[in-house]
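Taking our numbering, the leading residue of the sequence shown gets 5, the next gets one more, and so forth. All residues carry an ideal CB built from backbone N, CA and C; glycine is no exception. All figures in this text were calculated on a predicted structure; none of them were measured in a lab.
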Amino acid sequence: MTHVPVIAIDGPAASGKGTIAAAAAAALGFHYLDSGSLYRLVAFKALQGGVPFDDAGRLAPLAAALDVRFLAGGRLLLDGEDATSAIREEAVSAGASQVAVHASVRAALIERQRALRRLPGLVADGRDMGTVVFPDADLKVFLTATAEERASRRHKQLITKGISVTLDSLLRDIRERDERDASRQAAPLRPAGDAVLLDTTHLSIDEAVGRVLAMYRTRKNK
5 MTHVPVIAID GPAASGKGTI AAAAAAALGF HYLDSGSLYR LVAFKALQGG
55 VPFDDAGRLA PLAAALDVRF LAGGRLLLDG EDATSAIREE AVSAGASQVA
105 VHASVRAALI ERQRALRRLP GLVADGRDMG TVVFPDADLK VFLTATAEER
155 ASRRHKQLIT KGISVTLDSL LRDIRERDER DASRQAAPLR PAGDAVLLDT
205 THLSIDEAVG RVLAMYRTRK NK
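As structure tokens, this is what we get:
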């Protein structure tokens, strides 16, 4: 069987994993998986249907039945409609972390994620890419950054979009998500045993991407 290389990039909210993973995939000509978008889609569907985020019995079938298509440029279609912007709303982002605690929801999505592993390779970002979804990944990177820096980044993103929100509320939200992600029973947020830790607090996007690419190329050439 032909080997399909995978770079798994995990980390907490606003650590830069999505931006870094997408840029690394583009540089390598690899496919890109934003696993968080799947949980956002489940949360979005739950909000649409009035399904509580703690009702695993109703959330798992929603996850299993997602009609989603990933398009170029990071766009995605849900039920044939462009949902790219809708799933980035803060209510959906917060809900994604809550639906992700359910083992049944994660189980419903895991094979869908693995099916995206195809030539010439895949860069996947999330919270359990290196520990659960792709435990045999060629390179596993766990991004970190201080909660204050991550809140500042999210604040700048939202202000750019014209969304008014306080830095204090974002910092509180990020700390709550960190606690929820790290303490859940199903695939808790933690570095894989063989992951490389990369602190992005004082790195630019280009610097962080450069380090990921250098690590991958070094391993590939061994």
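Throw me the rounded Cβ distance for the residue i and residue j pair, which I believe falls under 8 angstroms.
i	j	result
Leu-63	Arg-116	Actually they are not in contact, since the Cβ atoms of Leu-63 and Arg-116 sit about 15 angstroms apart, beyond 8 angstroms.
Ala-149	Arg-179	Not really, about 13 angstroms apart at Cβ, beyond 8 angstroms.
Val-145	Tyr-36	That pair is no contact at about 14 angstroms.
Gly-197	Pro-124	Not quite, the Cβ-Cβ distance comes to about 27 angstroms (not below 8 angstroms), so this is no contact.
Leu-193	Ala-186	5 angstroms
Ala-100	Arg-44	4 angstroms
Ala-60	His-106	4 angstroms
Ala-31	Leu-217	6 angstroms
Phe-138	Ala-29	With 8 angstroms as the limit, Phe-138 and Ala-29 do not qualify as a contact, their Cβ atoms being about 14 angstroms apart.
Asp-38	Asp-129	6 angstroms
On a Cα-Cα basis, can you pick out the residue from the options that is closest to residue i?
i	options	result
Ser-168	Gly-40, Glu-93, Ala-30	Glu-93
Thr-205	Leu-147, Ser-187, Glu-183	Leu-147
Val-103	Pro-124, Ala-119, Asp-58	Asp-58
Arg-154	Asp-182, Ala-141, Pro-139, Leu-45	Asp-182
Ser-208	Gly-20, Lys-49, Val-137	Gly-20
Leu-75	Val-46, Ala-95, Arg-110, Leu-120	Leu-120
Ala-4	Ser-97, Pro-139, Arg-184	Only positions 5 to 226 of the chain appear in the structure, and residue 4 is not among them; the question remains open.
Asp-142	Gly-166, Val-200, Leu-162, Leu-171	Val-200
Pro-65	Ala-191, Val-109, Leu-162, Arg-122	Val-109
Leu-162	Ala-18, Asn-225, Val-10	Ala-18
Leu-81	Phe-48, Asp-14, Pro-56	Phe-48
Val-10	Arg-73, Gly-54, Gln-52, Asp-140	Asp-140
Ala-190	Thr-222, Ala-111, Thr-164	Ala-111
Gly-40	Pro-56, Ile-114, Arg-223, Met-219	Ile-114
Asp-311	Arg-223, Asp-203, Thr-222, Asn-225	Nothing about residue 311 can be read from this structure; the chain reaches only from 5 to 226.
Asp-83	Lys-224, Arg-122, Val-46	Val-46
Pro-56	Asn-225, Ala-95, Lys-165, Gly-78	Ala-95
I'd like to confirm the pairing. Which residues does DSSP put opposite residue i in its beta bridges?
i	result
Gly-166	Its beta-bridge partners do not exist; DSSP assigns none.
Leu-126	Val-10, His-35
Arg-148	The sequence shown places Thr at residue 148, rather than the Arg named in the question. Beta-bridge pairing links Thr-148 to Asp-203.
Leu-143	Ile-11
- Counting Cβ pairs, one atom from each stretch, are 3 or more of them under 8 angstroms apart for the region 24 to 31 and the region 205 to 215? yes
- Query: Taking three-plus beta-carbon pairs below 8 angstroms as touching, is the region 157 to 164 in contact with the region 66 to 77?
  - Reply: no
- Message: Which runs of the alpha helix (DSSP H) at least 4 residues long sit entirely within the region 51 to 115? Give them in chain order.
- Response: 60 to 68, 94 to 103
- Message: Measuring CB atoms only, is the region 132 to 142 touching the region 88 to 102, in the sense that at least three cross pairs come out at less than 8 angstroms?
- Response: no
- Item | Contiguous beta strand (DSSP E) assignments of at least 3 residues, all confined to the region 171 to 214 | 200 to 203
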